Every structure is written in structure tokens, then in C-alpha cells.
Amino acid sequence: MELKAYFPEVKRSYFPIFDSDWISIQDGEEYLHFPISSLTKRELILLEVLAHKNSPAEKHRSAWHAYLVDGKGDVPEELSAYQFIYFNHQEQLSQEFNDVLSSIIGTVIDHIAISQTRTAFLIDNQTKTNNFATLIDILPTLENDFGQAFRVFIGNEWPKDSLAPISAYFKEENNLFSSYLADKRSHQVVSFPELMLWSLIAVIPLKTVEAHFNHCLIQNKDMSDMVVAMWQSQGNLVQSAQKLYIHRNSLQYKLDKLKVQSGLNLKNLDDLAFAYLFIEKK
1 MELKAYFPEV KRSYFPIFDS DWISIQDGEE YLHFPISSLT KRELILLEVL AHKNSPAEKH
61 RSAWHAYLVD GKGDVPEELS AYQFIYFNHQ EQLSQEFNDV LSSIIGTVID HIAISQTRTA
121 FLIDNQTKTN NFATLIDILP TLENDFGQAF RVFIGNEWPK DSLAPISAYF KEENNLFSSY
181 LADKRSHQVV SFPELMLWSL IAVIPLKTVE AHFNHCLIQN KDMSDMVVAM WQSQGNLVQS
241 AQKLYIHRNS LQYKLDKLKV QSGLNLKNLD DLAFAYLFIE KK
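Numbering-wise, the sequence shown is residues 1 to 282 according to UniProt numbering.
Next up, the structure:
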């Protein structure tokens, strides 16, 4: 859709604008925003028809959708941590798919239709299921059963007492996933640390996410020292504890604490690599 030439004041972003002064139209993974004041009556009518045509016929609109996508209200439910799994799909997801996915990845609090081709699942992963490994294994079966291809991004676990609202992390994760797909990357299932490593190379601006890790890692010398020791010891816990002059049990306690605070599990190489490079970059 090449509308910029006809509407020079159009803006583009990954979320719709819910404002009476604007009209938003979905364009692939993005939205085009037109200032109503600059439109003729005929143009407005045509754009309203197009906006209605591009909207999902039965969009699931819940309190979570209002909070995360529409930017309205407060967080609907307090969880110990908030994690989103983002699905890119070719057709609107059926209730059957939502039910099947819920049985695979654990407790699904809600599913949020971001666009016609992207849905985010908010999960309560108290059982600490390894959804990354699970989805890699099950995705071919899901694609075969439901007749469409999927791309999946497993977001970070954001603690309830994070610096920024959960909606801010949600929007930046969604933007990060869109930027990754626009770069024509081939992995079907990607994890948060994988995309964060890529973002350091691609120089993707993530102000809210970076502030979170700056607080957890850079401003906490105890944690940054642990990350460096783990990296230098190639993840070996015994050697890392020796470098830090602490008992291995004390190191495990610190690792668990960092996992709760940041969402990173330094026992995983991608998590450790991202944490180390983030510290070095600063």
C-alpha cells in the first residue's frame, strides 16, 4: 500500500492509534495513521471502509487487549511475572488452536489479537515449563494440523515490580519481533535473549527494555560481577564461585535472584551472552 504520496502526513507504527483525531489502517504488521483534519469527507469515508475491511471479523477484545493494545485502563490482573508468546500466522487463529496451545504451554491468561496476522498469548508460567523446547518440537505438528505456517517469539518474564508498566515491555517486544522478521531472519521459534543479542548488532532502540537491564545488571555491581565471572568461566558454576570467593550455594542463590529480577537464566548460554555483552556495551 503506497499511500505516502497521496497522504504526506500519514504516520506509521506497530500499534493502532485510538484517538478521535486519527484513523488507523492495518498494513501488514504495521498500522498507517491518518490525521482526520487533513482528509476530505470523501477520503475519510474511503479510509473508514478500508479500515473496517482490514479489521479481523471477530477480534478478541478483553480487558488485557484494552490495556496492552488500546492503551486504556490499568493492568487487569496482578501476576508474579508476565510473559508473552507472540505468534505470527497467515490466517486468524481459531478457538480450537487457542485451546490446543493452552494445553501445551500451560496456563494462558489471555490471547491478544495485535493484528490480523499476530497474536500474543499472556501466560502464567509458574511451573517453569521450557516452552522454547516444547514449541520447537510441536510447531511442525501445529502447522500441519491447522494448515498454516507460524513464526514464534517467546518473550521475557517481566516481574510485577518492574520499573515500567507491563504494557511498555509488551510494545517493545512486539516491535523487536517485527524488526527481526523484517530483517528476513529464518528461525521459526526465537527466544528473548536470541533477539536481544540480534538487537545489539542491528542497533534496535529499546529504551524501556534497556532501562530494565541497566537497573538489574549495570547498577547492581554484585550482579554484574557475577555475570562477568560466569562468562569468564564459560558458565561453570564451581569456577564462577571460586572467582567470586563465595560458596556454590551462594552463587545459586544469586542466580535465582537475578532470574526473578531480570528474567534471565545465566545457566543458558544465550542469556549469559546477552547479559555479558550488555554490560560490556555500557
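Ideal placement from N, C-alpha and C gives every residue a C-beta, glycine not left out. These numbers were taken from a predicted model, which means no experiment stands behind them.
By the Cβ rule, the region 176-186 does not count as touching the region 210-229, because fewer than three pairs are nearer than 8 angstroms.
Per DSSP, the unbroken alpha helix (DSSP H) holding Ile138 starts and ends at 131-146.
In the three-state reduction of the DSSP assignment, Ile36 falls in the helix class, which pools H, G and I. Nearest Cα to Gln116 within the set Tyr31, Pro165, Ile105, Lys267: Tyr31. When DSSP states are grouped into helix, strand and coil, His111 belongs to the strand group. In this structure, the alpha-carbon of Asp137 lies about 21 angstroms from that of Asp124.
Sequence-distant partners of Asn268 (beyond 5 residues in either direction) whose C-beta falls short of 8 angstroms from its own C-beta, in its chain, are Pro193. Secondary structure note for Phe97: its alpha helix (DSSP H) is the uninterrupted segment 95-105. Around the C-beta of Ala81, 16 or more other C-beta atoms lie within 10 Å, and the residue is accordingly described as buried. Two segments are said to touch when three or more pairs of C-beta atoms, one from each, lie closer than 8 angstroms; by this definition the region 191-207 does not touch the region 228-237. Counting C-beta atoms within 10 angstroms of its own C-beta, Ile23 has 16 or more neighbours from the protein chains shown and is therefore classed as buried.
Judged by DSSP secondary structure, Tyr67 falls outside any beta strand (DSSP E) and instead within the alpha helix (DSSP H) spanning 63-68. Between Ile36 and Leu44, the C-beta spacing is below 8 angstroms.
Going by DSSP, Tyr82 is part of the beta strand (DSSP E) stretching over 81-88.
Cα atoms of Arg248 and Ala66: separation of roughly 45 angstroms, rounded to the nearest angstrom. In this structure, Ile154 lies near Asn131, with their beta-carbon atoms less than 8 angstroms apart.
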